[in-house]
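K.L.:
So for the sequence shown, our numbering puts the first residue at 211; every next one is plus one.
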Amino acid sequence: MINIVLFGKPGAGKGTQAEFLKEKYNLTHLSTGDVFRFNIKNETELGKLAKTFIDKGDLVPDEVTIKMLESEVDKNQHSKGFLFDGFPRTLTQASTLDAFLVSKNQAITATIALEAEDEILVQRLLERGKTSGRIDDQDEEKIRNRYQEYNEKTAPLMDYYKKNGKFHAVNGIGTIQEITERLSKVIDNL
């Protein structure tokens, strides 16, 4: 079983690459954004709880996010592995995810970070914002704030996974195919 955490700043191509990787390696893609939207739309108990925080403009607490992801893992017990996208984002989430996976006789196989310079990513997001309609991709200041938050919260996670020998960095600049090949090379050598 392969369990991968995909890291990267907004605009680094996580969503695009996740689509290729889930097909190539027959993984279950667990995007926290998708899981939130599903639970809220279907008015699950966890979805209703998450919505109360979102409606107030607050972050959904770790416990709620983790329970949603645990539920998704449990629903997909016959999966060949999981591709975690957008989770974990904090050390608490990482250690809780590790403990949960151990309880299922599993572990994170690797974390892979798609790396790219901020200036390139800002331009990518501003371009994406023109066609996606996403407000958060149309304001350069908001984009840079998201990067600052990513740097503050994700740097400790990288160190956490480096200590466990599970961290890999991949150049996130190039064609989609080139980046997919770089990611595949890492995964194939696990």
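Glycine is no exception: its CB is placed at the ideal position from the N, C-alpha and C atoms.
Keep in mind it's a predicted model, so treat the numbers as computed, not measured.
1) Distance, Cα to Cα, residue 301 vs residue 367?
2) What is the residue span of the alpha helix (DSSP H) that residue 244 lies within?
3) Work out the CA separation of residue 344 and residue 380 for me, nearest whole Å.
4) Rounded to a whole number of angstroms, what is the C-alpha to C-alpha distance between residue 243 and residue 267?
5) So, using beta-carbon positions, are residue 216 and residue 322 closer together than 9 Å?
6) For residue 284, which three-state DSSP category applies?
7) By the DSSP assignment, the beta strand (DSSP E) with residue 212 in it spans what residues?
8) Out of 297, 310 and 348, state which residue places its alpha-carbon closest to the alpha-carbon of residue 225.
9) Going by the DSSP bridge assignment, what does residue 331 pair with across the sheet?
10) Output needed for residue 245: all residues of its chain with C-beta closer than 7 Å, excluding positions within five of it in sequence on either side, in chain order.
11) Three-state secondary structure (DSSP) at residue 304?
12) Suppose the cutoff is 7 Å on Cβ atoms and the five residues either side in sequence are ignored; what does the same chain contact list for residue 371 look like?
13) Is the distance from the Cβ of residue 237 to the Cβ of residue 310 below 9 Å?
14) Can you list, in chain order, the residues of its chain whose CB lies under 8 Å from that of residue 386, leaving out five sequence neighbours each side?
P.N.:
If we stick to the structure as given:
1) What you label residue 301 is simply residue 91 of the sequence shown in a count that begins at 1. What you label residue 367 is simply residue 157 of the sequence shown in a count that begins at 1. Between residue 301 and residue 367, the C-alpha separation is close to 6 Å.
2) The residue labelled residue 244 in the question sits at position 34 within the sequence shown. Unbroken alpha helix (DSSP H) run through residue 244: 242–251.
3) By one-based count along the sequence shown, residue 380 stands at place 170. By one-based count along the sequence shown, residue 344 stands at place 134. Residue 380 and residue 344 have their alpha carbons spaced roughly 26 Å apart.
4) Your numbering for residue 243 matches position 33 in the sequence shown. Your numbering for residue 267 matches position 57 in the sequence shown. In this structure, the straight-line span from the alpha carbon of residue 243 to that of residue 267 is close to 15 Å.
5) Residue 216 sits at position 6 when you count from the first residue of the sequence shown. Residue 322 sits at position 112 when you count from the first residue of the sequence shown. Yes, the pair counts as a contact, with Cβ atoms nearer than the cut-off.
6) Walking along the sequence shown from the start, residue 284 turns up at place 74. In this structure, residue 284 counts as helix in the three-state DSSP scheme.
7) One-based indexing of the sequence shown puts residue 212 at position 2. Residue 212: member of the beta strand (DSSP E) spanning 212–218, first to last residue.
8) Start at 1 with the first residue of the sequence shown, and residue 225 comes out as number 15. Cα-wise, what sits closest to residue 225 is 297.
9) The sequence position of residue 331 within the sequence shown is 121, counting from 1. None; residue 331 has no bridge partner.
10) If you number the sequence shown from 1, residue 245 lands on position 35. Only 278, 279 and 282 meet the Cβ criterion.
11) Taking the sequence shown and counting its residues from 1, one reaches residue 304 at position 94. In the structure shown, the three-state DSSP call for residue 304 is helix.
12) To locate residue 371, count along the sequence shown from 1; it is residue 161. So the qualifying residues of the chain are 321 and 377.
13) As a first step, residue 237 is located in the sequence shown; it is residue number 27 there, counting from the start. As a first step, residue 310 is located in the sequence shown; it is residue number 100 there, counting from the start. Using a Cβ distance threshold of 9 Å, residue 237 and residue 310 do not count as a contacting pair.
14) Locating residue 386 in the sequence shown gives position 176, where the first residue counts as 1. Only 223, 226, 227 and 230 meet the Cβ criterion.
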